[in-house]
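**Q** Here it is: the structure, laid out below.
In our numbering, the protein residues as written are 1 to 331.
This is the structure we're talking about:
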């Protein structure tokens with residue numbers, strides 16, 4: 001007596017599911033529960049679930065196995081104790097004695113129906129290796145405002161977990177623990193990448209590096225690496241959408257009489273005209289000096305005027321301020 005396996009329930013499909021529906025359900029579950037993508041306490045539970053998923057797919061993806069399995073009927077409950085019905089003419093069931101072929105990783109229920117295949121000993125036991133694309137990975141890319149504005153290439157270094165190349169992720173070699181990965185099936189790899197940064201990239205944008213993500217399983221293609229741009233704060237400029245904001249400090253007389261002062265922009269210093277009687281907090285617009293726009297053109301640069309006294313005033317300057325204060329009395 002063994003335990004009945006409801007392979008349709010395991011894959012989450014109806015008994016009428018098409019071949020494509022079965023394959024799609026399997027791929028989704030295999031990615032979710034593959035033990036090479038788990039760590040710690042989750043890994044052991046994932047291994048058992050992964051075996052169950054693979055066993056269900058092994059049966060339902062094979063027309064002959066599926067037909068034989070379907071002949072048992074749909075009235076069995078998942079986990080119910082089961083033994084070969086005595087009235088199934090022409091239906092061959094298998095029984096095994098201790099000491100027969102080693103375990104393959106399939107359940108007793110599977111082996112009673114389909115027999116026992118020899119295990120693959122290269123990885124320390126049965127191992128199913130479906131071809132599966134690697135996971136996409138997301139990381140952050142720290143950029144200065146100038147790097148984001150001008151674009152170009154940036155060299156970065158990343159540390160990632162890769163499937164052990166020695167034991168192929170099994171964690172075992174010759175029935176023992178793989179010394180290269182310590183039995184984890186994964187190794188830490190540090191790699192250097194050249195990233196192309198498009199000019200004018202915005203904060204929060206993502207740069208996609210094809211085939212630089214998680215390693216594929218069973219010879220599958222690697223996933224992609226997505227780098228989320230994080231533009232670091234700048235001491236002079238603030239990016240607001242497609243516009244740049246900065247400040248310029250002037251003296252009271254410059255504000256009253258107007259002047260020409262030097263101020264910084266993303267393209268270097270320029271001469272800025274301060275109109276007469278400019279108030280503190282006024283924003284002067286530099287058209288087309290802001291952030292690059294998609295499709296061409298640029299935003300604007302707004303310079304906020306801040307009026308401040310010099311750190312030191314001479315006696316003559318103080319006398320002039322006193323005279324000015326007398327003139328302003330009663331105004």
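Built from N, CA and C at the ideal position, the CB exists for glycine as well.
With C-beta atoms as the reference, is residue 213 less than 8 Å away from residue 227?
**A** With a cutoff of 8 Å on beta-carbon distance, residue 213 and residue 227 are scored as not near each other.
**Q** Where DSSP assigns a beta bridge to residue 302, which residues make up the other side?
**A** Beta-bridge pairing links residue 302 to 245, 285.
**Q** Would you mind working out which of 281, 238, 264, 267 sits nearest residue 255, comparing C-alpha positions?
**A** Checked all of 281, 238, 264, 267; the closest Cα to residue 255 is 281.
**Q** On the premise that residue 286 lies in contact with residue 303, defined as a C-beta separation below 8 Å, what is that separation, rounded to the nearest angstrom?
**A** 7 Å
**Q** How about residue 161 and residue 216: are their beta carbons less than 8 Å apart?
**A** no
**Q** Within the chosen definition, does the stretch 136 to 149 reach the stretch 14 to 26 through at least 3 CB pairs nearer than 8 Å?
**A** Contact fails: fewer than three Cβ-Cβ distances are below 8 Å.
**Q** In whole angstroms, give me the CA-to-CA distance for residue 235 and residue 295.
**A** 29 Å
**Q** If we call anything under 8 Å between Cβ atoms a contact, is residue 49 one with residue 33?
**A** Contact flag set, yes.
**Q** Could you check whether the stretch 180 to 196 touches the stretch 150 to 165, counting it as contact only if at least three pairs of C-beta atoms, one from each stretch, sit closer than 8 Å?
**A** yes
**Q** Rounded to a whole number of angstroms, what is the C-alpha to C-alpha distance between residue 253 and residue 155?
**A** Approximately 49 Å, taken between the alpha carbons.
**Q** Would the beta-carbon of residue 203 fall within 8 Å of that of residue 244?
**A** no
**Q** Could you give the DSSP three-state label for residue 224: helix, strand or coil?
**A** coil
**Q** Look up residue 139 in the DSSP assignment and say whether it is helix, strand or coil.
**A** Assignment of residue 139 by DSSP, reduced to helix, strand and coil, places it in the strand class.
**Q** Ignore the nearest five residues each way along the sequence and tell me which others in residue 150's own chain have a CB closer than 8 Å to its CB.
**A** 199
**Q** Could you check the C-alpha separation between residue 157 and residue 201 for me, to the nearest Å?
**A** 20 Å
**Q** For residue 271 and residue 262, what's the separation of their Cα atoms in angstroms?
**A** 5 Å
**Q** Look up residue 257 in the DSSP assignment and say whether it is helix, strand or coil.
**A** helix
**Q** For residue 107 and residue 69, what's the separation of their Cα atoms in angstroms?
**A** Using only the alpha carbons, I get a separation of about 14 Å.
**Q** Would you mind reading off the limits of the alpha helix (DSSP H) that contains residue 10?
**A** 7 to 11
**Q** Given a threshold of 16 other Cβ atoms within 10 Å of its Cβ, counted over all protein chains shown, does residue 206 qualify as buried or as exposed?
**A** Residue 206 comes out exposed.
**Q** So, is residue 312 buried or exposed, given that buried needs 16 or more other C-beta atoms within 10 angstroms?
**A** exposed
**Q** What does the alpha-carbon distance come out to for the pair residue 121 and residue 177?
**A** Model confidence at residue 121 stands at a pLDDT of 35, short of 50, so the residue's coordinates are unreliable and nothing is read from them.
**Q** Using alpha carbons as the reference points, say which of 11, 35, 29, 6 lies closest to residue 71.
**A** 6
**Q** Could you check what DSSP says for residue 195 in three-state terms: helix, strand or coil?
**A** strand
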